[in-house]
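J.:
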Amino acid sequence: MEENIYIRSWSNAGTLYDRVYEIVMQIPYGAVASYGQISMLVPGSTPRLVGYAMASAPAAMNLPWHRVINAKGRVSVRGSGSSSHEQRKRLEKEGVRFDGRGVIDFELYGWL
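Heads up: the sequence shown begins at 8 in this note's numbering, then just goes up one per residue.
Spelled out as structure tokens, the structure:
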């Protein structure tokens with residue numbers, strides 16, 4: 008398995024994006040956090056910045072991006088819609104359940 012080169016730099020994370028990535032890497036399997044919750048853990052960030060960071064993350068980072076959802080407990084729809092389908096699929100594979108409206112219960116699956 009290839010070593011993740013990004014992990015080494017996290018202890019000295021200098022950018023807001025790096026700090027966001029550090030937090031997201033801590034979300035456990037089968038749990039979710041909202042963009043807003045993550046932004047509260049990264050001083051100087053906003054939920055929108057967290058979204059931008061997630062969209063900018065290099066694939067080689069293996070970031071569990073699918074565990075970050077919106078404040079309403081939903082998967083945020085992206086331009087093509089394909090990644091939102093992929094996000095739901097990944098979450099369901101981890102045991103996260105959606106109700107009939109496509110909402111995840113933060114009481115059951117919330118990390119924070």
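Glycine included, each C-beta is placed from N, C-alpha and C at the ideal position.
1. Could you give the DSSP three-state label for Ala38: helix, strand or coil?
2. What is the DSSP secondary structure of Gly80, reduced to helix, strand or coil?
3. Rounded to whole angstroms, what's the CA-CA distance from Tyr59 to Val49? Just pull it up for me.
4. Just the Cα atoms here: how many angstroms apart are Gly43 and Gly107?
5. Decide yes or no for the touch test of the region 64 to 72 against the region 19 to 39: beta carbon pairs closer than 8 Å, at least 3 of them.
6. Since Gly117 contacts Ala66 with CB under 8 Å, what's their CB separation in whole angstroms?
7. To the nearest angstrom, how far is the alpha carbon of Val84 from that of Gln94?
8. So what's Gly117 in DSSP terms, helix, strand or just coil?
9. Taking 9 Å as the cut-off, decide whether the C-beta atoms of Gly102 and Gly51 are in contact.
10. Express the C-alpha separation of Pro54 and Ser46 in angstroms, rounding to a whole number.
T.: The structure says:
1. In the three-state DSSP reduction, Ala38 falls in the coil class, being neither helix nor strand.
2. Residue state for Gly80 is assigned as coil, using DSSP reduced to three classes.
3. Cα to Cα, the separation comes out at about 14 Å.
4. Each residue's alpha carbon lies about 24 Å from the other.
5. Between the region 64 to 72 and the region 19 to 39, the count of C-beta pairs closer than 8 Å reaches three or more; the two stretches touch.
6. Actually they do not touch by this definition, with Cβ atoms about 26 Å apart.
7. Approximately 10 Å between the Cα atoms of the pair.
8. Three-state result, Gly117: strand.
9. No, these two residues do not count as a Cβ contact at 9 Å.
10. Between Ser46 and Pro54, the C-alpha separation is close to 5 Å.
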